[in-house]
Amino acid sequence: MDRFTYRDGVLYVEDVAVEDIAARFGTPVYVYSHGTLVTHLRQVADAFADLAPLICFSVKALSNIHLLRGLAAAGAGVDVVSGGELYRALLAGVPAQRIVFAGVGKSDEELRYAVRSGIRCVNVESEGEMRALARAAAECRMPAGAAVRVNPDVAVGSRTPAKTTTGRRGGKFGIDLDRVHEVYRLAVDDEWLRPEGLHFHLGSPVFHPRAYGDAVDKVLTVTEKLTADGAPVPTINIGGGFPADYEGSGVPGWSDFAAVIAPKLRSFVAAGGTVVMEPGRSIAANAGVLLASVRYLKTSGSRNVVITDTGMSHLIRTAFYDTFHFLWPARPRNGLSPVGRTGEHDQPDLARYDVAGPLCESSDYLAKDRLLPSLRPGDVLAIFTAGAYGMTMASHYNSLPRPAEVLVDGGDVRLIRRRETYEDLVSAEVDAEAGPAAAGTTKPA
Ligand code: LLP
489 MDRFTYRDGV LYVEDVAVED IAARFGTPVY VYSHGTLVTH LRQVADAFAD LAPLICFSVK
549 ALSNIHLLRG LAAAGAGVDV VSGGELYRAL LAGVPAQRIV FAGVGKSDEE LRYAVRSGIR
609 CVNVESEGEM RALARAAAEC RMPAGAAVRV NPDVAVGSRT PAKTTTGRRG GKFGIDLDRV
669 HEVYRLAVDD EWLRPEGLHF HLGSPVFHPR AYGDAVDKVL TVTEKLTADG APVPTINIGG
729 GFPADYEGSG VPGWSDFAAV IAPKLRSFVA AGGTVVMEPG RSIAANAGVL LASVRYLKTS
789 GSRNVVITDT GMSHLIRTAF YDTFHFLWPA RPRNGLSPVG RTGEHDQPDL ARYDVAGPLC
849 ESSDYLAKDR LLPSLRPGDV LAIFTAGAYG MTMASHYNSL PRPAEVLVDG GDVRLIRRRE
909 TYEDLVSAEV DAEAGPAAAG TTKPA
């Protein structure tokens with residue numbers, strides 16, 4: 489599935505040993521595989537081939553402009569949720585007609601920016617936003633595509649964290665099913681708005697194809713009523729949320745989702761409708777690793793604690809959602825390649841470690857109670873499945889500069905984001921009095 493593999497006891501990304509990347513660029517560093525990203529994109533397209541969907545990669549998962557450029561060249565559009573993400577997408581050369589814009593709290597500036605950019609559609613999440621979008625389009629004297637994000641109120645199952653469940657009644661996302669018709673009509677009746685269709689996003693990750701089936705059923709019912717009422721629904725956007733394999737098994741694949749979703753949407757597509765999808769994690773997670781170095785080893789009571797040079801400010805998922813990331817040395821001592829991903833196997837010479845970061849926060853762990861080959865200061869560790877919601881959720885907490893990012897394509901290695909400096913940490917403060925223009929910031933207006 490991905491192109492991170494151990495060969496003769498050494499971890500490679502595509503044709504490059506990751507320890508060479510660590511030696512050249514230092515750690516911590518995010519390393520991405522172009523081949524894996526593009527392969528995953530193709531796998532989605534193949535699984536859903538009979539719907540010929542527009543696949544809009546979710547920028548919030550992985551937003552480096554060089555990676556977006558690669559995905560766009562492979563045919564992807566993007567899903568953005570802010571003016572900042574739209575700026576990145578346009579800079580990366582994503583065609584405007586392949587950009588969709590969700591998010592519950594878009595500002596007037598962001599809406600005008602979207603309208604002026606001529607994106608495919610704004611996925612509107614409230615009646616107030618529909619009115620704001622109509623104003624923005626009128627002010628710009630430009631037509632704007634408006635879709636309604638539906639809150640389908642479907643159960644996604646308990647494996648989806650509550651913190652990332654988005655399609656339940658009572659939450660902040662989308663518009664309740666019983667109000668969709670009325671809000672959609674605002675777009676139909678407006679001089680500048682072009683009704684673009686319906687959208688939903690259930691949560692992330694969602695492990696039950698049936699949840700998508702239930703949501704599609706509900707959205708198709710609304711579609712029928714709208715169509716009967718003379719309101720065109722040219723697009724149905726089924727969102728993202730498809731899982732990535734963090735633990736090496738137990739995750740449904742693309743074909744499992746397609747088997748439930750595609751038959752339901754076939755006649756919509758046959759009648760000329762377009763299906764949009766917004767996968768993020770399922771494309772990006774296993775296309776990236778975070779490389780860290782071991783700094784210190786110590787014991788605390790009966791526990792072996794490893795302190796690395798990266799932690800929750802660079803990869804917050806474990807601390808925030810209590811999720812699992814497999815990790816293993818880039819060159820394990822005794823050549824011990826991993827067997828599976830859960831670590832609970834009976835190879836000799838493994839020891840139990842808690843793997844922590846350097847931050848002053850007791851939740852700053854990457855893993856706890858993990859069986860690993862013996863570690864020493866200076867060893868490079870790979871934290872797997874870090875390509876989605878890794879760098880995009882990184883912060884400056886504890887004033888640690890954010891990691892570099894490196895892209896590997898076959899044997900080619902490219903620095904696509906330099907490591908931040910102490911000057912980067914304070915540049916917006918140093919420039920504060922001079923204002924954003926002097927600081928070179930683009931403010932969409
Ligand atoms: N579309 C919309 C409107 C979304 O809100 C999201 C994710 C996606 C698409 C992409 O979902 P994906 O295919 O990546 O599951 N930070 C969390 C995940 C939050 C996801 C938020 N919305 C994490 O690290 O698990």
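Under the working numbering, the first residue of the sequence shown is numbered 489, with each subsequent residue one higher.
The beta-carbon is built from N, C-alpha and C at its ideal position, and this holds for glycine as well.
**Request:** Mind checking who Thr653 pairs with in its DSSP beta bridge?
**Result:** BP columns for Thr653 point to Gly691.
**Contacting residues, own chain, Cβ-Cβ under 6 Å from Arg907 (five flanking each side not counted)** = Within the same chain, Arg907 has close Cβ partners Ala892.
**Message:** Classify Tyr809: buried if its beta carbon has 16 or more other beta carbons within 10 angstroms, exposed otherwise.
**Reply:** Exposed is the call here.
**Prompt:** With Thr811 and Arg805 assumed to form a contact (beta carbons below 8 Å), what rounded beta-carbon distance in angstroms separates them?
**Reply:** So it is a contact: roughly 5 Å between Cβ atoms.
**Asked** In three-state terms, what does DSSP make of Pro583?
**Response** Pro583: coil per DSSP, three-state reduction.
**Item:** Contiguous beta strand (DSSP E) assignments of at least 3 residues, all confined to the region 512-571
**Value:** Entirely contained in the region 512-571, the beta strand (DSSP E) runs reaching 3 residues are, in chain order, 517-521, 542-546, 565-568.
**Message:** So, does the region 765-775 touch the region 715-733, judging by three or more C-beta pairs under 8 Å?
**Reply:** Contact between the region 765-775 and the region 715-733 is present, with at least three C-beta pairs closer than 8 Å.
**Bridge partner(s) assigned by DSSP for Thr493** = For Thr493, which the question treats as bridged, DSSP gives the partners Tyr500.
**Asked** Can you name, in chain order, every residue of its own chain whose Cβ lies under 7 Å from the Cβ of Arg673, other than the five neighbours on each side?
**Response** Cβ within range, chain order: Ala719.
**Item:** Nearest neighbour of Asp942, chosen from Gly760, Ile904, Ala634 [CA to CA]
**Value:** The question about residue 942 has no answer, for the chain in this structure spans 489 to 933.
**Request:** Determine the DSSP secondary structure at Arg783, reduced to helix, strand or coil.
**Result:** In the three-state reduction of the DSSP assignment, Arg783 falls in the strand class.
**Request:** Report the residue ranges of all alpha helix (DSSP H) runs contained in full by the region 791-860; include only those spanning at least 4 residues, in chain order.
**Result:** DSSP assignment within the region 791-860 yields the following whole alpha helix (DSSP H) runs of 4 residues or more, N-terminal first: 805-809.
**Message:** Does the beta-carbon of Gly571, which I'm using as the reference point, lie nearer than 7 Å to any heavy atom of the ligand LLP?
**Reply:** False, no ligand heavy atom lies under 7 Å from that Cβ.
**Request:** Would you decide whether His696 is buried or exposed? Buried here means 16 or more other CB atoms lie within 10 Å of its CB.
**Result:** His696 is classed as buried because its beta carbon has at least 16 other beta carbons within 10 Å across all chains shown.
**Prompt:** For the ligand LLP, is there a heavy atom less than 7 Å away from the beta-carbon of Lys856?
**Reply:** Incorrect: Lys856 has no Cβ contact closer than 7 Å to the ligand LLP.
**Message:** Just to confirm the assignment, what range does the alpha helix (DSSP H) spanning Val701 have?
**Reply:** For the record, residue 701 in the displayed sequence is Gly; it is not Val. Gly701 -> alpha helix (DSSP H) spans 697-716.
**Request:** Take the Cβ of Ser546 as the centre, count every other Cβ of all protein chains shown within 10 Å, and call the residue buried at 16 or more, exposed below.
**Result:** Its Cβ being crowded by 16 or more others within 10 Å, Ser546 is buried.
**Message:** Please report the straight-line C-alpha distance between Ala855 and Glu502, rounded to a whole angstrom.
**Reply:** Ala855 and Glu502: Cα-Cα distance of roughly 26 Å.
**Local Cβ density within 10 Å of Val845, reported as buried at 16 or more and exposed below that** = Reading off the sequence shown, one finds Gly at residue 845, where the question assumed Val. Per the 10 Å Cβ criterion, buried.
**Prompt:** Any idea which residues DSSP pairs Leu903 with across the strands?
**Reply:** In DSSP, Leu903 forms a bridge with Val894.
**Request:** State the start and end residues of the unbroken alpha helix (DSSP H) segment that holds Ile749.
**Result:** Where Ile749 is concerned, the enclosing alpha helix (DSSP H) stretches over 742-758.
**Message:** If contact is defined by three or more beta carbon pairs under 8 Å, each pair taking one atom from either stretch, is the region 786-795 in contact with the region 835-845?
**Reply:** Output reads yes: the region 786-795 touches the region 835-845.
**Asked** In its own chain, which residues sit with a C-beta less than 6 Å from the C-beta of Ala780, not counting the 5 before and 5 after it?
**Response** By the criterion of a C-beta distance shorter than 6 Å, Ala780 is surrounded in its chain by Thr515, Pro516, Thr796, Asp797, Thr798, Leu869, once the five residues flanking it on both sides are discounted.
**Message:** Which residue wins for smallest C-alpha separation from Ala590, given the options Ser521, Met879, Ser614, Thr527?
**Reply:** Relative to the Cα of Ala590, the nearest Cα in the group Ser521, Met879, Ser614, Thr527 belongs to Ser614.
**Request:** Would you list the residues sitting across from Phe589 in a DSSP beta bridge?
**Result:** Phe589 is bridged to Val568, Val610.
**Prompt:** By the 10 Å Cβ neighbour count, where 16 or more other Cβ atoms means buried, how is Ala758 classified, buried or exposed?
**Reply:** Ala758 is exposed by the Cβ-count criterion.
**Request:** Could you pull out every residue in the same chain whose Cβ sits closer than 7 Å to the Cβ of Ala580, ignoring the five residues on either side in sequence?
**Result:** Ile553, Leu556, Arg557, Ala560.
**Asked** Hey, Thr648 and Gly616: beta-carbon distance below 8 Å or not?
**Response** No, Cβ-Cβ distance for Thr648 and Gly616 is not below 8 Å.
**Message:** Beta-carbon within less than 7 Å of Leu621's beta-carbon, same chain only, minus the 5 sequence neighbours each way: which residues are those?
**Reply:** Once the five neighbours on either side are set aside, the close Cβ partners of Leu621 are Leu599, Val610, Val612, Ala632, Ala634, Leu681.
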